[in-house]
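Participant: One structure coming up, written as structure tokens, with questions to follow.
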Amino acid sequence: MALRTIRMLGDPVLNKACKEVKEVTPKISTLISDMLETMYEANGVGLAAPQVGILKRVVTIDIGEGDGPLIMINPVILASDGTQTAGEGCLSLPGKAGQVTRPNHVIARAYNEKMEEFEIEATELLARAICHEVDHLDGHMYTEFVEGDIYDVEEEEEE
Ligand code: ZN
């Protein structure tokens with residue numbers, strides 16, 4: 119495993135749509151391991167492949183509830199409802215956060231690191247993290263959806 123460089127807001131790679139993963143090649147396995155290491159090292163709750171410069175539909179999430187990381191390949195949000203508004207940050211814009219309204223409940227489908235399909239139902243922070251990371255795969259940053267100003271934070275969890 120190796121740490122990868124996290125791309126910062128303004129890097130054009132963050133505004134591109136990512137390609138679907140067709141199979142988990144050794145290269146994709148290494149990418150996933152590196153993304154996990156990079157996410158944990160940065161104290162992030164989520165990371166999307168374009169944030170390390172790879173335009174593939176891969177995300178890693180760990181909201182720190184002890185369930186271990188959630189690895190999602192080709193994630194799709196099937197349904198969402200409710201709303202939640204809270205401060206949201208991103209590892210591609212460290213030290214900053216802004217208020218973003220997201221669905222409070224989502225159902226998503228993805229493939230795991232063995233390319234087995236699964237569905238997940240998520241609420242609150244996990245729902246927010248899934249939405250945030252799926253946005254990255256389509257080239258979107260949370261800064262596009264911020265209500266009010268982006269503000270400085272001391273140590274907020276970043277996605
Ligand atoms: Zn992010």
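Numbering (the working numbering), first residue to last: 119 to 277.
The C-beta atom is built at its ideal place from N, Cα and C for all residues, glycine as well.
Quick one: what's got a C-beta closer than 7 Å to Glu-242's C-beta in the same chain, skipping five residues either side?
Facilitator: Counting from 1 along the sequence shown, the entry for residue 242 is found at position 124. If we look at Glu-242 and ignore the five residues flanking it on each side, its Cβ neighbours are Gln-202 and Asn-222.
Participant: When the Cα atoms are used, what is the spatial distance from Ser-210 to Ala-245?
Facilitator: As a working note, residue 210 is residue 92 in the sequence shown. As a working note, residue 245 is residue 127 in the sequence shown. Their backbone Cα atoms lie some 20 Å apart in a straight line.
Participant: I need the straight-line Cα distance from Leu-173 to Gly-128, nearest angstrom please.
Facilitator: Indexing the sequence shown from 1 puts residue 173 at position 55. Indexing the sequence shown from 1 puts residue 128 at position 10. Distance between the alpha carbons of Leu-173 and Gly-128: 16 Å.
Participant: Could you compute how far the alpha carbon of Pro-130 sits from the alpha carbon of Ala-166?
Facilitator: On the sequence shown, residue 130 is found 12 positions in, with the first residue counted as 1. On the sequence shown, residue 166 is found 48 positions in, with the first residue counted as 1. The alpha-carbon atoms of Pro-130 and Ala-166 are separated by roughly 15 Å.
Participant: Tell me the DSSP secondary structure of Asn-192 in three-state form.
Facilitator: Locating residue 192 in the sequence shown gives position 74, counting from the first residue. The answer is strand: DSSP assigns Asn-192 an E or B state.
Participant: Any idea what DSSP makes of Val-139, helix, strand or coil?
Facilitator: Against the sequence shown, residue 139 aligns to sequence position 21. Of the three classes helix, strand and coil, the one that applies to Val-139 here is coil, per DSSP.
Participant: What are the complete beta strand (DSSP E) segments, minimum 3 residues, inside the region 188-261?
Facilitator: Taking only runs of at least 3 residues, the beta strand (DSSP E) segments lying wholly in the region 188-261 are 188-199, 202-206, 214-220, 223-229 and 235-241.
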